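Take 65 as the starting number for the sequence shown in our numbering and just add one per residue.
What follows is one structure encoded as structure tokens, with my remarks underneath.
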Amino acid sequence: MKPMDGEGLLAFSGGSTGMVFAHPAHEWFTFAALLRLQPDLYYLSPGIFGKDGFEEAFREKLAAIGFQGTVTFGAISETEIYERYLARDDDWFVTQRDAIAGWLGRLQPGLVFTDPFEWYNSAHDLVPLLVASAIESLPSQCPPISLAEHGVGVQTIARKERVTHNWPSVQLTDDEVDRKRQFLRDMNGFFEDVAQGVNDELQDVVKDWGEPEYYTEYYRWARANQAFTQPPEVGGWATYDQRGHLRVAAGRSQQAITFQEHFAPLAAKLLRQDSMSTIG
């Protein structure tokens, strides 16, 4: 594990860089890394942006602000992720892991950023688990990969409530902030056909941002052998256990996804050596 230094992390010079996200909109919180390191991007799912033509239009918006990396989308829906959790369909998650491993094998990055393991959203937490499992499944002759996380959860709660002692901050330049604003303005067009309730929730994240939010991002190094048997500390936001039970109580869902019942057993399966398939 590297020293805890945000600017040093973004000065990485060990080859190509990759980023793995649950869905679009998480790149909002990674513009310092996005513009300085020009990583290749991998999204498990288009998320709520399922409209025909979105993927190419999204690539064009990124290119318009100077992004030169590739963008790969997994052919799944975010809803399917939750359904597979509830069905405890381990084989399906192994398939998603193998797709990431294949991507990593072709890219051979020296550094990979992931969504953080924060125990607040089961789709987001799936990303570092799949990446850790994918790295374990790569052939031994593949170059080593360092791991880092971005602080989406830190920036989605009020500044005075943030727990940032283990989240080094990075300051964006004026030019980077201008390009970040341009991209967020362009992203508004993708919300037109999204359900209003989801649209409001996403827009609220940046609607209340002051200047410090645009200029400050959070990154931290992550352990390649991170244990996923215990939930991490919660930094001021509701866990998906809590959200799940609230959704059930409100009649919005029939069953809650919980850490001990769904995430921990999946982590044990994916990280057990004899369950791995080797990616050639």
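Ideal placement from N, C-alpha and C gives every residue a C-beta, glycine not left out.
Computed from a prediction, not measured in an experiment: that's the story for all the values here.
Check	Outcome
Reduced DSSP category for residue 274 - H, G, I as helix; E, B as strand; rest coil	coil
Inter-residue Cα distance where the pair is residue 171 and residue 126	20 Å
Alpha carbon of residue 247 to alpha carbon of residue 129, nearest angstrom	7 Å
Ordered list of alpha helix (DSSP H) runs contained in the segment 108-134, each at least 4 residues	118-128
Residue 86 beta carbon less than 8 Å from that of residue 108	yes
Extent of the continuous alpha helix (DSSP H) to which residue 309 belongs	304-313
Residue 341 versus residue 160: straight-line alpha-carbon distance, rounded	Bear in mind that the predicted position of residue 341 carries a pLDDT of just 46, short of 50, making it too unreliable to give a figure here.
Residue 316 and residue 212 closer than 8 Å at C-beta	no
C-alpha distance - residue 272 paired with residue 178, whole-angstrom precision	25 Å
Segments assigned alpha helix (DSSP H), at least 4 residues, entirely inside the segment 142-225	142-151, 154-171, 186-201 and 216-219
Delimiting residues of the alpha helix (DSSP H) encompassing residue 241	238-251
Span of the beta strand (DSSP E), counted from its first residue to its last, around residue 286	280-286
Beta-carbon proximity of residue 184 to residue 303, cut-off 8 Å	yes
Cβ neighbours of residue 236 in the same chain (closer than 8 Å, five flanking residues each side left out)	95, 96, 244, 278, 279, 280 and 281
Cβ-Cβ distance between residue 81 and residue 99 below 8 Å	no
8 Å contact criterion, which residue 300 and residue 225 should meet: CB distance rounded	5 Å
Proximal residues to residue 136 (C-beta, below 8 Å), its chain only, five neighbours per side dropped	104, 105, 106, 107 and 167
Inter-residue spacing [alpha-carbon to alpha-carbon] between residue 74 and residue 131	16 Å
Cut-off 8 Å between Cβ atoms - residues of its own chain near residue 233, not counting five sequence neighbours on either side	70, 280, 281 and 282
Residue 332, buried or exposed, once every other Cβ within 10 Å from all chains shown has been counted against 16	exposed
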